[in-house]
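Structural data, given as structure tokens:
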């Protein structure tokens, strides 16, 4: 009897999960049901960042509170602080003291290996442009870009090449958090400092991780959708049950995922909200809706939230299809910070690295950051908002990294929120009059 109960219970759970993951077909003959549905599009799940965004969104849209550990200022576990303080001395002191490894101690120009995500999207390209500007024009350092075409194996091979090329440090945005842990292994063996940005790796070697909190970004998008759906359907609605959540996509290539997005929307014509990732997914679902013959009103009524903010989101605001974005840090906010962290290390040793448990500030942790540096040929200073009270990026506790844990301090660069009210503001990097932007100059008039 117990076995029968267990089996029946399991079948009920499976049936419930199926109703959440695959709604839209109900009753005899699989007839489509016009019930409200939330569509969650998904980027490549090989990175911790994408998984955190998706899980954060799901928690937020289901009405779960954000964990206390996600607060701006938190108490870091003393054991994590002790782990970091011990590790940084053991791991990095010899590099600081060695003139062959420390370019500033040797009196030579640093040579940086820049290893981006390499997916050719505007965020990635602007990171590269801003890195090259700050490294070459502001610091006067040398660099080489190692472009991996988002191939984890190729990125590992390029890291090995960079080390053979004699780079003094690697700035890394890994293509895959787990697969590219190999880069940490290679760099540790060679004594080459690594600072990760954008995405972390599962390895202890990076001496800092510079990035937003992807879970928090997803959660706030989910919370925005949750609040709007409660306004529309009333406080008794149960999201996840009355309004199922459909997940689709497993790639950074929204064009490749478009058929799956369109199929999910065709199967679920009652979609009331969309969680977009990697920019192109905004264009994908709007295009799919139009292909399916949905009216302009229906498309505009869909609550569209995004964790990336790409140029297509500007089109979304102009056309009334976009509601809320969490803007990823880029354009030097990560890369310039990472370069300045390296400089402080080469000048002051392990004690110059960001201290876990402290609140991050320019004055204390990267005092030589040139916030007023301009792009050659312009009077534009990309880092001018670094300490802005609303759009700035300082004031968060330095905490254990998402993957590297207590061995890697995480300098958290928060999102800036973009809505219909402020999408034309110059703090938004798509509006910068440098690096080939703005994307849509006419919207700034």
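Numbering (mature numbering (1 follows the signal peptide of the UniProt record, and there is no 0)), first residue to last: -26 to -1, 1 to 419. Each residue gets a CB set at the ideal place from its N, CA and C atoms; glycine is no exception. Model, not experiment: these values are computed from the prediction.
DSSP three-state call for residue 299: helix, strand or coil? strand
Identify every run of the alpha helix (DSSP H) within the segment 233 to 305, keeping only runs that are complete inside it and at least 4 residues long; order them along the chain. 254 to 265, 270 to 275, 285 to 293
Taking only three categories from DSSP, how would you classify residue 373? strand
Give me the Cα-Cα distance between residue 214 and residue 226, rounded to the nearest whole angstrom. 25 Å
Kindly indicate the opening and closing residues of the beta strand (DSSP E) around residue 89. First-last of the beta strand (DSSP E) with residue 89: 85 to 89.
Between which two residues does the alpha helix (DSSP H) containing residue 189 stretch? 188 to 207
Beta bridge counterpart(s) of residue 390 as assigned by DSSP: Answer is 301.
Does the pairing of the segment 225 to 239 with the segment 25 to 32 give three or more beta-carbon distances under 8 Å? no
Can you tell me whether residue 230 is buried or exposed, with buried defined as 16 or more other CB within 10 angstroms of its CB? exposed
Roughly how many angstroms separate the alpha carbons of residue 279 and residue 128, rounded to a whole number? 33 Å
Have a look at residue 88 and residue 168 and give me their C-alpha separation to the nearest angstrom. 10 Å
Top-ranked residue by Cα proximity to residue 359, from 33, 368, 352: 368
Residue 73 to residue 294, Cα distance in whole Å? Whole-angstrom Cα-Cα distance: 58 Å.
Given residue 171 as reference, the closest of 378, 402, 391 once Cα atoms are compared: 378
So, using beta-carbon positions, are residue 252 and residue 17 closer together than 8 Å? Yes; because the gap between Cβ atoms is below 8 Å, this pair is in contact.
Name the DSSP beta bridge partners of residue 47, please? Paired residue(s): none; residue 47 is not in a bridge.
Quick check on residue 240: buried or exposed, where buried means 16 or more other Cβ atoms within 10 Å of its Cβ? exposed
With DSSP collapsed to three states, give me the class of residue 381. strand
Own chain residues within Cβ distance below 6 Å of residue 85, not counting five before or after: 116, 141, 142
Environment of residue 322 [buried if 16+ CB atoms lie within 10 Å]: exposed
Tell me, please, which residues DSSP counts as bridged to residue 221. 14
When the Cα atoms are used, what is the spatial distance from residue 121 to residue 97? 15 Å
Close beta carbons around residue 375, own chain, < 6 Å, minus the five adjacent residues each side: Same-chain partners within the cutoff: 174, 183, 382, 384.
Going by C-alpha to C-alpha distance, which of 264, 178, 275, 108 sits closest to residue 12? If we check each option's Cα against that of residue 12, 275 comes out closest.
Where residue 208 falls, given that 16 or more other Cβ within 10 Å makes a residue buried: Burial call: exposed.
I need the boundaries of the alpha helix (DSSP H) containing residue 348, first residue and last residue. Annotation: residue 348 is outside any alpha helix (DSSP H) and is labelled neither H nor E by DSSP.
Taking the C-alpha atoms as reference points, what is the distance between residue 337 and residue 331? 16 Å
Are the CB atoms of residue 242 and residue 220 nearer to each other than 8 Å? yes
Please report the residue range of the alpha helix (DSSP H) in which residue 78 lies. 77 to 80
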